[in-house]
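Here this note's numbering is used: the first residue of the sequence shown is 10, the next is one more, and so on. Glycine included, every Cβ here is placed at the ideal spot set by N, Cα and C. Let me begin by presenting the structure, written as structure tokens, before commenting on it.
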Amino acid sequence: MNLLALLIGLVLTSLVAGFCLVAILVYFNPISSNWLIFSLFYLSIFISSASFFALIGWLVRRISRRKKFPLPKNQAVQQLEVSFRQGILLSLLLVIVLILQSQRMLFWWDLLLLVGLIGLVEWQLSKR
10 MNLLALLIGL VLTSLVAGFC LVAILVYFNP ISSNWLIFSL FYLSIFISSA
60 SFFALIGWLV RRISRRKKFP LPKNQAVQQL EVSFRQGILL SLLLVIVLIL
110 QSQRMLFWWD LLLLVGLIGL VEWQLSKR
């Protein structure tokens with residue numbers, strides 16, 4: 010797929026999910042909301058942060074590699090795929106931490122275990 014189309018899709022996805030997140034925060038009361046509202050809230054956080062983290066990761070990779078030598082298009086798309094995978098893992102970590110914190114079940118050892126587990130998953134996926 011075209012690199013520009015992927016980037017535009019990520020930006021639009023991030024904006025739409027961000028607007029949904031703002032709408033949920035503005036229009037719904039967290040005290041009287043049911044599980045559907047909380048599910049949509051966490052889903053919009055996941056989608057917006059995954060695309061945001063993917064874009065930031067790709068930009069950091071692109072800027073750091075530009076100083077050495079420019080990348081061909083296929084390697085830039087491959088770096089975007091890696092950034093997207095890492096953005097999904099970071100967003101998953103964020104949502105799990107937020108859910109645990111909302112239930113008052115987040116402790117420091119839970120955070121260490123989650124970070125270690127996410128690190129192992131990324132290590133296993135990067136070996137392929």
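Pair within 8 Å by beta-carbon distance, residue i and residue j
i, j, result
"A59", "G96", "yes"
"Y140", "L107", "No information on residue 140 is available, as it lies outside the stretch 10 to 137 that the chain covers here."
"L89", "L24", "no"
"L30", "S53", "yes"
"I46", "I33", "yes"
"L141", "V20", "This structure cannot speak to residue 141, because the chain is shown only from 10 to 137."
Residues near residue i by beta carbon distance below 7 Å, same chain, minus five either side
i, result
"S100", "F55, S58, A59, F62"
"G66", "S92, Q95, G96"
"E131", "Q95, L98"
Beta-carbon separation (whole angstroms), residue i vs residue j, contact threshold 8 Å
i, j, result
"L115", "L102", "Their Cβ separation, rounded to whole angstroms, is 12 Å, which puts L115 and L102 out of contact at 8 Å."
"L109", "D119", "6 Å"
Cβ-based neighbour list, residue i, same chain, cut-off 8 Å, excluding 5 preceding and 5 following
i, result
"R71", "L80, A85, Q88"
Neighbourhood of residue i by C-beta, 6 Å cutoff - its chain only, sequence neighbours within 5 removed
i, result
"R74", "L80"
Whole runs of the beta strand (DSSP E) within the stretch 59 to 116, excluding any shorter than 3 residues: none
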